[in-house]
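What follows is a single structure, written as structure tokens, with notes after it.
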Amino acid sequence: MRRQVVVLAVCAVVVLLTAWYAGSRFAPVEPGPAPGSVRLGPDAGEAVDAYLASLPAELPAPGEQAYALVQFGRGLTGPDALAAVDGTQAVTAVLRVPLDRVQTALRFEPLGGTVDLARERARADAEAAAGRLTGRPAAVAATEAAALADPACPCVAALLVRGDRATLEALGGRDGVRAVQAAPSDARPVELALAPLLPEQTDAADPLPDDGEVP
Numbered sequence: 001m002r003r004q005v006v007v008l009a010v011c012a013v014v015v016l017l018t019a020w021y022a023g024s025r026f027a028p029v030e031p032g033p034a035p036g037s038v039r040l041g042p043d044a045g046e047a048v049d050a051y052l053a054s055l056p057a058e059l060p061a062p063g064e065q066a067y068a069l070v071q072f073g074r075g076l077t078g079p080d081a082l083a084a085v086d087g088t089q090a091v092t093a094v095l096r097v098p099l100d101r102v103q104t105a106l107r108f109e110p111l112g113g114t115v116d117l118a119r120e121r122a123r124a125d126a127e128a129a130a131g132r133l134t135g136r137p138a139a140v141a142a143t144e145a146a147a148l149a150d151p152a153c154p155c156v157a158a159l160l161v162r163g164d165r166a167t168l169e170a171l172g173g174r175d176g177v178r179a180v181q182a183a184p185s186d187a188r189p190v191e192l193a194l195a196p197l198l199p200e201q202t203d204a205a206d207p208l209p210d211d212g213e214v215p
């Protein structure tokens, strides 16, 4: 009789443990932030004047901090780009080699170190693309890699930064800064999709021409 009781007790424990494991293994997970759900930069085809006019309303409330995409009116060197956002925490560099009437890639590099390290990672990425691609795309990537090898390359198109309202407002008046678009103050980096306004986009955020000769 005692043996039967022990067996039944063991069976009950096994059933409970199995139910607990199944419940913990398959319990619904609360959804996290959706990657790329917050766009920073104009929508495709959006009129530039309308985009620029909408930005002041997106700044965070006084005293709050937010991520913001600082977009430059021309490509800047690493030191000049950092000087333009002084007072904020620079998080990500958007690098792009400007070539006349040739579409080039946007490369997004975290600023865990310096802009020079970010530029070097972008150069390595372009070099790898040149080896992987063929024809015109390969030639463009090779030209990008050569340009990014130069520390004086004016290749920083934008910087993702974090700062408060007063600081972000002040950035708009600095040399080289064309636009500052803030994300909602509760947005996390994983939610941000960066699509900066490019210097050549003067009327609308349309694709740039790609009929020029590759240097």
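Counting in full-length UniProt numbering, the sequence shown runs from 1 upward without gaps. All residues carry an ideal CB built from backbone N, CA and C; glycine is no exception.
Other residues of its chain near residue i: CB distance less than 8 Å, five sequence neighbours each side excluded
i      : result
GLU127 : ALA141, ALA142, ALA145
Residue i versus residue j - alpha carbon distance
i      : j      : result
GLN103 : PRO207 : 9 Å
ALA50  : ARG74  : 20 Å
ARG96  : ALA170 : 25 Å
Residue i - DSSP class collapsed to helix/strand/coil
i      : result
LEU168 : helix
PRO196 : coil
PRO79  : helix
GLU109 : strand
VAL214 : coil
ALA66  : strand
LEU160 : strand
LEU55  : coil
SER24  : Unreliable placement is indicated for SER24, whose pLDDT of 44 sits below 50; the coordinate value is still reported in the next sentence. Residue state, collapsed to three classes: helix.
ALA152 : coil
ALA84  : helix
Host beta strand (DSSP E) of residue i (start-end)
i      : result
GLU127 : Here GLU127 belongs to no beta strand (DSSP E); instead the alpha helix (DSSP H) covers 115 to 132.
VAL97  : Counting along the chain, VAL97 falls outside any beta strand (DSSP E), and DSSP gives it neither H nor E.
ALA179 : 177 to 182
Range of the contiguous alpha helix (DSSP H) that encloses residue i
i      : result
THR143 : 135 to 148
Outcome for residue i when other beta-carbon atoms lying within 10 angstroms are tallied against a minimum of 16
i      : result
ASP150 : exposed
THR134 : exposed
Sequence-distant residues of the same chain with beta carbon closer than 7 Å to residue i, five excluded per side
i      : result
ALA204 : GLY45, GLU46, ALA47, VAL48
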